[in-house]
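**Student:** One structure follows; several queries about it will come next.
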Amino acid sequence: MTMYLCGPTVYNYVHIGNARGPVVFDVLARLLRRHYPQLVYARNITDVDDKINAAAQQQGVPIGTITERFAQAYRDDMAGLGVAPPDIEPHATTHIGPIITMIESLLDSGHAYAAEGHVLFDVGSFPAYGELSGRDTGELIAGSRVEVAPYKRSPGDFVLWKPSTPDLPGWDSPWGIGRPGWHIECSAMSAAHLGDTIDIHAGGVDLLFPHHENEIAQSTCAHGGKVFARWWMHNGMLTFDGRKMSKSLGNVLLVHELLKLHPAEALRLRLLSGHYRQPLDWSDGAIAQAVSTLDGWYRALRDLADVELPAGDLPVPERVEAALCDDLNTPQALAELSVLADAARQSGTAAAKAALLGGGALLGLLQQNAEAWFKRGESSVDAAHVEDLLQQRQAARAARDFKRADAIRDELAAMNIAIEDGTQGTRWSVQKS
RNA sequence: GGCCUGGUGGCAGAGUGGUCAUGCAGCGGCCUGCAAAGCCGCGUACGCCGGUUCGAUUCCGACCUAGGCCUCCA
4 MTMYLCGPTV
14 YNYVHIGNAR
24 GPVVFDVLAR
34 LLRRHYPQLV
44 YARNITDVDD
54 KINAAAQQQG
64 VPIGTITERF
74 AQAYRDDMAG
84 LGVAPPDIEP
94 HATTHIGPII
104 TMIESLLDSG
114 HAYAAEGHVL
124 FDVGSFPAYG
134 ELSGRDTGEL
144 IAGSRVEVAP
154 YKRSPGDFVL
164 WKPSTPDLPG
174 WDSPWGIGRP
184 GWHIECSAMS
194 AAHLGDTIDI
204 HAGGVDLLFP
214 HHENEIAQST
224 CAHGGKVFAR
234 WWMHNGMLTF
244 DGRKMSKSLG
254 NVLLVHELLK
264 LHPAEALRLR
274 LLSGHYRQPL
284 DWSDGAIAQA
294 VSTLDGWYRA
304 LRDLADVELP
314 AGDLPVPERV
324 EAALCDDLNT
334 PQALAELSVL
344 ADAARQSGTA
354 AAKAALLGGG
364 ALLGLLQQNA
374 EAWFKRGESS
384 VDAAHVEDLL
394 QQRQAARAAR
404 DFKRADAIRD
414 ELAAMNIAIE
424 DGTQGTRWSV
434 QKS
């Protein structure tokens, strides 16, 4: 079983919309690994690109400085969101050889042509072009938004290799010093690591055309007509202010920044709270709801802190798995998690606790200590002072001086501390998303 | 203009041809010194108009509306 996800072009921090695919397909990978332990999951890094070049030139540094920095930032952001690293993280610049080989094969088979230092894919040579995205080439050309260049035979033809000037990164090739086109990178990298035919190819819907269409054309033609990807999965876009969150629109929220402001699991929960194929709207209110939901689950777990888990691996609740097996229905899986939380609260058994944790684990949620969840942001709070106030309040209550006790509670509330009196004493937590 | 998706209760968001989504918020009750948490209960939800059907939120058609792709984009 093989899976390929189109990864980031690393010239800047990624925004939360960019994280939806990695998070959603991380859940898919977790699910698949249960059934196909030999799953090989590849997520590439595009580390050569015009935008990277622009950023490097602007800052006067080699592209490697930019790409290494932001590739690491990307790994950090994904780790922050609880995304497990893929099995393979191929970089475009370390696959120039395979890319050139693939282009040569396309030239040899008549699916590509060289012109003015460029090599272009001849869309007309691949009748199935447009099938995935449901468009026909005639219309495409009529659309006229494709770049018309004198060296193109047909406006829909796309670049496999383009020439580089001395001030830009380039690699030696049969067509001169140049660099690969974006589309061929994914074709070459997936073939290099996952073979001619991959099982699942994932990515955002915005890549459906032309990127994935082009990948199909290149790979199919380079591999003698073999199927490129058996299944395609496209995640819907994240919207913000009612519009697609995108760098070009400028309405982005960086993962890097959001992780400083909100609990990571709330961000992850939000990304999983809609079906992956549907659009999902991002808002502060939505994050607050996610935090409240997690509060409830963690509260159930905190009450069971002393209940020892059964030995061995956590169980995966059948209903959670069934939901995910049904076209990765994460909202349904989340609903099942709420049911499990109820069961844990009401039964208080080790089995119920394990089920809740096991279901959460499959979704990459409930991965932290319950007490830690409620005490997050504690560094900004003087815990000793809080404990001292609670002691005073306890004394006041014992003396039935409720006015004083309530005044202390108000004081704590002003410090963003919420308290709960329970049979095991008074608990406190930091009220901050 | 072409090609796609959607429009579900205050909010988020699944799903289904005919008794339940689920969560968040709200309301009432129990509990509590009072709260909080928890528990119990509540709210005439499926864009609009036709059609098919014994019956449609669910199928079909038109319309309105939102968004995406057609250019870099997760």
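Taking the numbering used here, the leading residue of the first sequence gets 4, the next gets one more, and so forth.
Cβ atoms here follow ideal geometry from the backbone N, Cα and C, with glycine treated the same way.
Residues in the same chain with beta-carbon distance under 7 Å from residue 236, minus the five sequence neighbours each way, listed in chain order, please.
**Tutor:** If we look at residue 236 and ignore the five residues flanking it on each side, its Cβ neighbours are 203, 205.
**Student:** Would the segment 48 to 68 count as touching the segment 284 to 301 if we require 3 or more Cβ pairs under 8 Å?
**Tutor:** No: fewer than three Cβ pairs fall under 8 Å.
**Student:** Could you pull out every unbroken alpha helix (DSSP H) segment of at least 4 residues lying fully inside the segment 165 to 202, listed in chain order?
**Tutor:** Counting only runs of 4 or more, we get 185 to 197.
**Student:** Give me the DSSP bridge partner(s) of residue 430.
**Tutor:** Note: residue 430 sits in a beta bridge opposite 423.
**Student:** Mind reading off the beta-carbon distance from residue 34 to residue 365? Whole number of angstroms is fine, and I expect it under 8 Å.
**Tutor:** That pair is a contact at about 7 Å.
**Student:** For residue 197, which of 113, 44, 415, 20 has the nearest alpha-carbon?
**Tutor:** The option with the nearest alpha carbon to residue 197 is 44.
**Student:** Kindly indicate which three-state DSSP category residue 231 falls into: helix, strand or coil?
**Tutor:** Three-state result, residue 231: coil.
**Student:** Figure out for me which residue from 136, 334, 194 has the closest Cα to the Cα of residue 209.
**Tutor:** Selected option, being the one with the closest Cα: 136.
**Student:** Do residue 351 and residue 304 come within 8 Å of each other at the CB atom, strictly closer than that value?
**Tutor:** Cβ atoms of residue 304 and residue 351: not closer than 8 Å.
**Student:** Starting from residue 5, follow its DSSP beta bridges and name the residues at the other end.
**Tutor:** Answer is 43.
**Student:** Please report how far the alpha carbon of residue 32 lies from the alpha carbon of residue 62, in whole angstroms.
**Tutor:** Straight-line Cα distance between these residues: approximately 37 Å.
**Student:** Excluding the 5 residues preceding and the 5 following residue 362 in the sequence, name in chain order all residues of the same chain whose CB lies nearer than 6 Å to its CB.
**Tutor:** Only 320, 323, 340, 343 meet the Cβ criterion.
**Student:** By a C-beta neighbour count over all protein chains shown, 10 Å radius and 16 as the cutoff for buried, is residue 185 buried or exposed?
**Tutor:** It is buried - the Cβ of residue 185 has at least 16 other Cβ atoms within 10 Å.
**Student:** Looking at the strands, I want to know which residues DSSP matches up with residue 238.
**Tutor:** Its beta-bridge partners are 207.
**Student:** Hey, is the segment 266 to 273 in contact with the segment 226 to 233, meaning 3+ C-beta pairs nearer than 8 Å?
**Tutor:** Counting Cβ pairs under 8 Å, fewer than three are found: no touch.
**Student:** Considering just the uninterrupted stretch of the beta strand (DSSP E) at residue 301, what are its terminal residues?
**Tutor:** No beta strand (DSSP E) holds residue 301; the alpha helix (DSSP H) holding it covers 287 to 306.
**Student:** Using the C-alpha atoms, what's the distance from residue 348 back to residue 392?
**Tutor:** Whole-angstrom Cα-Cα distance: 29 Å.
**Student:** Under the rule that 16 or more other beta-carbon atoms within 10 Å means buried, what is residue 100, buried or exposed?
**Tutor:** Looking at its Cβ environment, which holds fewer than 16 other Cβ atoms inside 10 Å, residue 100 is exposed.
**Student:** Taking 7 Å as the cut-off, is the beta-carbon of residue 402 closer than that to any non-hydrogen atom of the ligand COA?
**Tutor:** This structure does not include the ligand COA; it has no bound ligands of any sort.
**Student:** For a test of the three-state rule: what should DSSP assign to residue 49, helix, strand or coil?
**Tutor:** Residue 49 falls in the strand class under three-state DSSP.
**Student:** Tell me, to the nearest whole angstrom, how far the beta carbon of residue 274 is from that of residue 27; I am working on the premise that it is less than 8 Å.
**Tutor:** That belief holds up - the Cβ atoms of residue 274 and residue 27 are roughly 7 Å apart, short of 8 Å.
**Student:** Once DSSP output is grouped into helix, strand and coil, what is the label at residue 116?
**Tutor:** It is a strand residue.
**Student:** Would you kindly check if the distance between the Cβ of residue 24 and the Cβ of residue 207 is under 8 Å?
**Tutor:** Their beta carbons are under 8 Å apart, which means residue 207 touches residue 24 by this criterion.
**Student:** Taking only the alpha-carbon atoms, compute the straight-line gap between residue 159 and residue 128 and give it to the nearest angstrom.
**Tutor:** The straight-line gap from Cα to Cα measures roughly 12 Å.
**Student:** Can you list, in chain order, the residues of its chain whose CB lies under 6 Å from that of residue 105, leaving out five sequence neighbours each side?
**Tutor:** Excluding positions up to five away in sequence, the list reads 191, 225.
**Student:** For residue 6, collect the residues of the same chain with a Cβ closer than 6 Å to its Cβ; drop the 5 residues on either side in sequence, then sort them by chain order.
**Tutor:** Closer than 6 Å at Cβ, skipping near neighbours: 44, 203.
**Student:** State buried or exposed for residue 266, treating a residue as buried only when at least 16 other CB atoms are found within 10 Å of its CB.
**Tutor:** Answer is buried; the Cβ neighbour count reaches 16.
**Student:** Mapping the DSSP letters down to three states, classify residue 263 as helix, strand or coil.
**Tutor:** In the structure shown, residue 263 sits in a helix (DSSP, three-state: H, G or I).
**Student:** What are the boundary residues of the alpha helix (DSSP H) that includes residue 388?
**Tutor:** Per DSSP, residue 388 belongs to the alpha helix (DSSP H) from 386 to 401.
**Student:** Using 10 angstroms around the beta-carbon of residue 356, count the other beta-carbons present and answer buried if the total reaches 16, otherwise exposed.
**Tutor:** Its Cβ being crowded by 16 or more others within 10 Å, residue 356 is buried.
**Student:** Measuring alpha carbon to alpha carbon, tell me which residue in 165, 238, 310 is nearest residue 281.
**Tutor:** Cα-wise, what sits closest to residue 281 is 238.
**Student:** Which complete beta strand (DSSP E) runs does the segment 58 to 130 hold, if anything under 3 residues is left out?
**Tutor:** Listed in chain order, the complete beta strand (DSSP E) runs (minimum 3 residues) inside the segment 58 to 130 are 115 to 118, 121 to 124.
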